[in-house]
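> The opening position of the sequence shown corresponds to residue 66 in my numbering, with each subsequent residue numbered one higher. Positions of the beta carbon are idealized from the N, C-alpha and C atoms, including for glycine. Below are the structure tokens for one structure; questions will follow.
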Amino acid sequence: MGVTVPQSSFSRQQAAAITGLSTRQLGYWRKTGLVVPQTFTSGGHVRYSFTDLIALRAAKRLLDANISLQRIRKCLQSLTGFLPTVEHPLTELSLVVTGDVVLVFHNQQTFDTLTGQQWIFPVAELAAEVDRLREKQPQPEQGELFSIEPVENCG
Numbered sequence: 066m067g068v069t070v071p072q073s074s075f076s077r078q079q080a081a082a083i084t085g086l087s088t089r090q091l092g093y094w095r096k097t098g099l100v101v102p103q104t105f106t107s108g109g110h111v112r113y114s115f116t117d118l119i120a121l122r123a124a125k126r127l128l129d130a131n132i133s134l135q136r137i138r139k140c141l142q143s144l145t146g147f148l149p150t151v152e153h154p155l156t157e158l159s160l161v162v163t164g165d166v167v168l169v170f171h172n173q174q175t176f177d178t179l180t181g182q183q184w185i186f187p188v189a190e191l192a193a194e195v196d197r198l199r200e201k202q203p204q205p206e207q208g209e210l211f212s213i214e215p216v217e218n219c220g
């Protein structure tokens, strides 16, 4: 069963109500290029598409995770550099915050959005390697961990 995407457009007030952002934030983000709607009314008023709402929500999630607007912009700029086929990172990619790192999931791999460095490695492979090493090296007994030397009587 697929998701039905609304084909209508939304006013700035409607977009603000849907996304939880203020109309002032929407205007600032539009002027500074973070999320720029492509549709306007005949009177020149901005109209947000459903895709724009997705981008706005994605950016708001990052802000809610204590990622600054400046850092969000740097991440998006970096992403378009190392993923040149991605035109709209906020809608085309899955961005996740872990601690102070913003990660992107793309083609079944995870990358740091600023560096492009692969961030998560196959945990199962690491666990198998640890098991192989443990089999090769016997585990020390409790008494072997610490050498006990006699203490001379100081009295």
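Relative to the C-alpha of T116, which candidate in F105, V101, S107 and A130 has its C-alpha closest?
Counting from 1 along the sequence shown, the entry for residue 116 is found at position 51. Per the Cα distances, V101.
> Determine the closest residue to Q135 out of Q103, L99, G108 and R77, with distance taken between C-alpha atoms.
Translated into the one-based positions of the sequence shown, residue 135 becomes position 70. Ranking the options by Cα distance to Q135, first place goes to L99.
> Which ranges would you report for the alpha helix (DSSP H) in the segment 144-175 if only whole runs of at least 4 residues count?
Complete alpha helix (DSSP H) runs here, min 4: 154-157.
> Beta carbon of L179, beta carbon of F170: below 8 Å?
Indexing the sequence shown from 1 puts residue 179 at position 114. Indexing the sequence shown from 1 puts residue 170 at position 105. Their beta carbons are not under 8 Å apart, which means L179 does not touch F170 by this criterion.
> By a C-beta neighbour count over all protein chains shown, 10 Å radius and 16 as the cutoff for buried, is F75 buried or exposed?
In the sequence shown, the residue the question calls residue 75 occupies position 10. Its Cβ being crowded by 16 or more others within 10 Å, F75 is buried.
> Which class does T88 belong to by DSSP, given the choice of helix, strand or coil?
On the sequence shown, position 23 is the one that residue 88 refers to. Helix at T88.
> Hey, out of A80, D196 and G108, whose CA is closest to R95's CA?
One-based indexing of the sequence shown puts residue 95 at position 30. Per the Cα distances, A80.
> DSSP three-state label for T104, please.
Looking up residue 104 in the sequence shown gives position 39. In this structure, T104 counts as strand in the three-state DSSP scheme.
> Between the Cα of D129 and the Cα atoms of G109, L86 and Q173, which residue gives the shortest distance?
For the purposes of this step, residue 129 is taken as residue 64 along the sequence shown, with counting starting at 1. Looking at the Cα atoms, L86 is the closest of the given residues.
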